[in-house]
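Enquirer: In the numbering used here, the protein residues as written are 10 to 289.
#1: Could you check whether the segment 37-55 touches the segment 157-177, counting it as contact only if at least three pairs of C-beta atoms, one from each stretch, sit closer than 8 Å?
#2: For residue 160, does the three-state DSSP call read helix, strand or coil?
#3: Is the segment 100-113 in contact with the segment 145-165, if contact means three or more CB pairs nearer than 8 Å?
#4: Mind checking residue 243: buried by the 16 CB within 10 Å criterion, or exposed?
#5: Closer than 8 Å by C-beta to residue 129: which residues in its own chain qualify, once you throw out the five before and the five after it? Chain order, please.
#6: Closest to residue 154 by C-alpha separation, out of 187, 204 and 234, would be which residue?
#7: Within a Cβ cutoff of 6 Å, which residues of the same chain sit near residue 28, ignoring the five residues on either side of it in sequence?
#8: Where do the N-terminal and C-terminal ends of the alpha helix (DSSP H) with residue 145 fall, by residue?
#9: Expressed to the nearest angstrom, what Euclidean distance is found between the alpha-carbon atoms of residue 126 and residue 120?
#10: Let me check understanding here. Comparing Cα to Cα, which of 57, 139 and 217 lies closest to residue 191?
#11: Could you tell me the distance, in whole angstroms, from the CA atom of residue 189 to the CA atom of residue 52?
#12: Measure the Cβ-Cβ separation of residue 147 and residue 193 and say whether it is below 9 Å.
#13: Under three-state DSSP, which class holds residue 43?
#14: Quick one: what's got a C-beta closer than 6 Å to residue 151's C-beta in the same chain, skipping five residues either side?
#15: Does residue 40 pass the burial test, meaning 16 or more other C-beta atoms within 10 Å, or should it be called exposed?
#16: Please report the distance separating the alpha-carbon of residue 257 from that of residue 35.
#17: CA-CA distance, residue 77 and residue 232?
#18: Let me know the secondary structure DSSP gives residue 199 once reduced to three states.
#19: Less than 9 Å separating the beta-carbons of residue 185 and residue 159?
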């Protein structure tokens with residue numbers, strides 16, 4: 010950790026109380042140590058403390074180094090162990106988009122067929138990619154290849170599954186490519202995404218947990234690095250699917266405290282979709 014952050018870093022950042030009685034909580038943790046599900050499990054247990062339930066919740070954080078084979082001899086090229094970056098140093102603008110359940114269900118129905126019923130998330134990502142391809146074509150005058158990367162949790166792929174408190178970053182990237190000469194029909198883009206995520210299955214996890222697991226991981230990282238460095242690709246996105254807990258009531262809003270060229274989806278039940286607070 011000292012080599013990664015030589016000047017030091019705080020784990021939990023700050024709590025801000027407002028005159029109206031509201032409160033904002035911020036948390037900072039290293040993704041190499043904890044991933045979304047473990048973070049949510051910790052926050053939920055933490056939120057139980059001030060509830061006065063009388064039950065003390067003490068999470069048991071279990072290290073996950075036993076889930077994967079350890080390599081006693083790291084490769085000479087240490088960059089092989091680094092997760093490749095998908096983005097260049099450009100300026101990005103953050104926007105918050107709110108989709109109600111009926112719109113998502115309608116979008117899902119447009120893509121569904123007798124042999125394929127997508128999730129609402131995949132249908133939404135397919136629509137977003139279709140719009141981005143259209144915008145790119147309008148700007149450059151021709152269709153460019155695209156690369157879409159979706160973060161997939163490996164926890165459900167284990168057998169038996171690890172504890173929700175197992176520490177570590179149990180994620181992998183499923184990559185869906187769209188060539189310049191391929192159609193951009195919505196159902197085609199969504200199926201392409203489905204095919205990419207289906208490759209990250211139990212067989213994939215067994216492969217990286219086996220005796221040759223370390224070499225397979227480094228080979229996969231090499232392939233991702235080559236893919237992301239492709240100058241012909243117009244954009245690379247990364248999508249996270251997460252959920253939010255409660256702290257003495259439903260939070261007004263939740264989200265990341267960092268800027269990233271990607272998309273984070275949060276599934277919430279809104280009591281009043283026409284609230285002025287949701288119009289911005």
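Beta carbons are placed, not taken as given, at the ideal position from N, Cα and C, and that holds for glycine. Quantities reported herein were computed from a predicted structural model and do not represent experimental measurements.
Expert: Taking the structure as given:
#1: yes
#2: strand
#3: no
#4: In this predicted model, residue 243 has a pLDDT of only 48, less than 50, meaning its place in the structure is not dependable enough to derive any value.
#5: 113, 114, 116 and 117
#6: 187
#7: none
#8: 129-149
#9: 7 Å
#10: 139
#11: 43 Å
#12: no
#13: strand
#14: none
#15: exposed
#16: For residue 257, the predicted model reports a pLDDT of 49, less than 50, meaning its position is unreliable; a value from the coordinates is still stated below. Distance between the alpha carbons of residue 257 and residue 35: 16 Å.
#17: 20 Å
#18: helix
#19: yes
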